[in-house]
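In this note's numbering, the protein residues as written are 48 to 488. All residues carry an ideal CB built from backbone N, CA and C; glycine is no exception.
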């Protein structure tokens, strides 16, 4: 009897989250249509309105209880002119807010920003529905945890080594309870996965290297040396992870640690110094590792990328975007043709995916497992994940009839990438050839 009631409760929770998610996505789509009324492109307005209206009807059928209220468009227009700030203070164990926080209100004509806000709310509600559904799949979840349990037990007290078993496990995502344990080993207090990457560099630099880089920065500041990299670091600190409470206050301990890690890295690699995006990588490391380990994490991350990836001209990252474009032409030809039709430059969106492992565009429940895979497999994994993201976004892109709607889809992939499992499945199937030997990876 009790079990039956619990199952019914979970079912209602999932259905409610799905309805709420569809509701916000519908509001987002209508705002996108309203935005077109401000555009001179009058012929496309009716087509877009009809498409969105039909899509919305289908959404309402799927969501059974969801009915468009009278005066909805007037209500939406009123919301555009109203500014508000939500104070959502509840966070998860890592410090991420459980619900999205709105920015400092939307201007009276900024329909696109408000549409994006509602799209985010819809994605979060659907994500909640997926979490409920995942809890219902207890057998599959239990098997996943047991596989990790067995693996961890066999490697207690020993550094990890590359193996097919570890590769397959990492691709499923590391359980939250084990991520810090897997990242952090017992040799020089350096992450096991990082240690596999750095190898001889740890011996070369030796103990005390991090402290020496910090002292060098302190000496430069005391000497009055003006450093543009240091100035940019200071500007970027509090906007590193806006969805995380621990990085919201400039005087918080995590922000202070982040500042020191980035200062030290600036002196470690004088050719790069600092590149926007490195702050996010270091912040992710600080979620699990202590300050010095996060410094080594940042070094390992940049070492796994091709040369000049974070240089001032981003030449390595730009080269990868050309490779991605060729892969999209090969693997997703319909999508590639649609982007060419609207003259959309994919690198405008995908560049940040490669620089930060999707921190800017996906929720942390999804981008943290991407970090896991990247640390183990390196740069090639980013191409597979990029193709997987585009594959999940493809239906929405193909339905887009204007440049603005294509941009709206690609700039907010979290609306279509709602869980890591589906993303991982797509990336596992994305066999690509990057090596000189023409082998598939």
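Own chain, CB closer than 7 Å to residue i, minus 5 neighbours either side, in chain order
i	result
residue 138	144, 145 and 292
residue 299	293
residue 261	307, 310 and 311
residue 369	none
residue 409	460, 461 and 464
residue 372	393
residue 274	267
residue 398	364 and 368
residue 468	none
residue 406	327, 331 and 414
Cutoff 8 Å: residue i Cβ touching any chain C Cβ
i	result
residue 443	This model lacks chain C altogether, as it is built from one protein chain only.
Exposure label - residue i; buried when at least 16 CB within 10 Å
i	result
residue 130	Model confidence at residue 130 stands at a pLDDT of 36, short of 50, so the residue's coordinates are unreliable; what they give is reported in the following sentence. Counting Cβ neighbours within 10 Å, residue 130 comes out exposed, since fewer than 16 surround it.
residue 362	exposed
residue 337	exposed
residue 327	buried
residue 447	buried
residue 303	exposed
residue 210	exposed
residue 438	buried
residue 259	exposed
residue 330	buried
residue 271	exposed
residue 234	For residue 234, the predicted model reports a pLDDT of 29, less than 50, meaning its position is unreliable; a value from the coordinates is still stated below. Exposed is the call here.
residue 187	exposed
residue 339	buried
residue 387	exposed
residue 490	Outside the displayed span of the chain (48 to 488) sits residue 490, for which this structure offers no information.
residue 204	exposed
residue 208	exposed
residue 282	exposed
residue 286	exposed
residue 477	buried
residue 200	exposed
residue 265	exposed
residue 140	exposed
residue 153	Residue confidence is low: residue 153 scores 41 on pLDDT, short of 50, so the model does not pin down where it sits. Its coordinate-derived value is still stated next. With 16 or more Cβ atoms within 10 Å of its Cβ, residue 153 is classed as buried.
residue 420	buried
Sequence-distant residues of its chain with Cβ nearer than 8 Å to residue i (five each side left out)
i	result
residue 445	381, 382 and 385
residue 279	321 and 323
residue 456	440, 443, 444, 447, 462 and 463
residue 318	358
residue 418	331 and 404
residue 191	219 and 222
residue 117	Below a pLDDT of 50, predicted positions are generally treated as unreliable, and residue 117, at 47, falls in that range; the measurement from the model is reported next regardless. Closer than 8 Å at the Cβ level, and outside the excluded window around residue 117, lies no residue.
residue 213	198, 207 and 423
residue 479	374, 378, 427, 430, 431, 434, 487 and 488
Residue i - partner residues in DSSP beta bridges
i	result
residue 143	291
residue 138	144
Sequence-distant residues of its chain with Cβ nearer than 6 Å to residue i (five each side left out)
i	result
residue 403	324 and 327
residue 395	none
residue 474	431, 432 and 435
residue 195	222 and 225
residue 288	294 and 330
residue 470	435 and 464
residue 263	314
residue 257	311, 339 and 342
residue 452	none
Contact test: residue i Cβ vs the ligand SAM heavy atom, cutoff 7 Å
i	result
residue 265	By its list of ligands, the structure shown contains no ligand whatsoever, and the ligand SAM lies outside what it can speak to.
Checklist entry - So, do the region 347-354 and the region 420-428 have three or more beta carbon pairs nearer to each other than 8 Å? => result Short answer: they touch.
Next on the checklist: Under 8 Å, with one C-beta from each stretch per pair, do the region 461-478 and the region 409-422 reach the 3-pair mark?
Outcome noted: At 8 Å Cβ cutoff, the stretches touch.
Next on the checklist: So within the region 262-288, which uninterrupted beta strand (DSSP E) runs reach at least 3 residues, ignoring any that extend past its ends?
Outcome noted: Annotation note: the region 262-288 contains no uninterrupted beta strand (DSSP E) run of length 3 or greater.
Next on the checklist: To test your reading of the DSSP string, which unbroken beta strand (DSSP E) runs of 3 or more residues are found completely within the region 333-421?
Outcome noted: As far as the region 333-421 is concerned, it has no whole beta strand (DSSP E) run of at least 3 residues.
Checklist entry - Going along the chain, which unbroken runs of the beta strand (DSSP E) with 3 or more residues stay wholly within the region 183-208? => result As for any beta strand (DSSP E) of minimum length 3 sitting wholly inside the region 183-208, there is none.
Item to check | Start-end ranges of the beta strand (DSSP E) lying completely within the region 446-485, minimum 3 residues | outcome: With a minimum length of 3 residues, no continuous beta strand (DSSP E) run stays inside the region 446-485.
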